[in-house]
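Everything on this sheet refers to the single structure shown next.
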Amino acid sequence: MMDLLKRIWKEEEGQGLVEYGLILLLMVVIALGVITVFRPQLEAIFNRISSSINAGNAAIKTPTNN
Numbered sequence: 005m006m007d008l009l010k011r012i013w014k015e016e017e018g019q020g021l022v023e024y025g026l027i028l029l030l031m032v033v034i035a036l037g038v039i040t041v042f043r044p045q046l047e048a049i050f051n052r053i054s055s056s057i058n059a060g061n062a063a064i065k066t067p068t069n070n
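According to the working numbering, the residues represented by the sequence shown are 5 to 70, in order.
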């Protein structure tokens, strides 16, 4: 029984998956931090893009059926 517990304790097969999970978690936390810090600037950029798209759509004339 002790040999089984020692072997299970020393196995490292699942270790890689845990490390990848921790790296992914770190990346998500960093991304959320960046988005939180730069939120006003990002909102301004998206608002300008949206306004440009809306202005472009308003300038397009639709054909009329006569």
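From the three backbone atoms N, C-alpha and C, an ideal C-beta is built for every residue, glycine too.
Fair warning: this is a prediction, and the values are worked out from it, not measured in the lab.
With contacts defined as CB atoms closer than 8 Å, Leu46 and Ile57 fail to qualify as a contacting pair. For Leu28 and Gly37, the gap between their C-alpha atoms comes out near 14 Å. Here the C-alpha atom of Lys10 lies approximately 39 Å from the C-alpha atom of Ala35. Met5 sits in coil when the DSSP states are folded into three classes, being neither helix nor strand.
Residue range 43-63 is occupied by the alpha helix (DSSP H) that includes Ile49.
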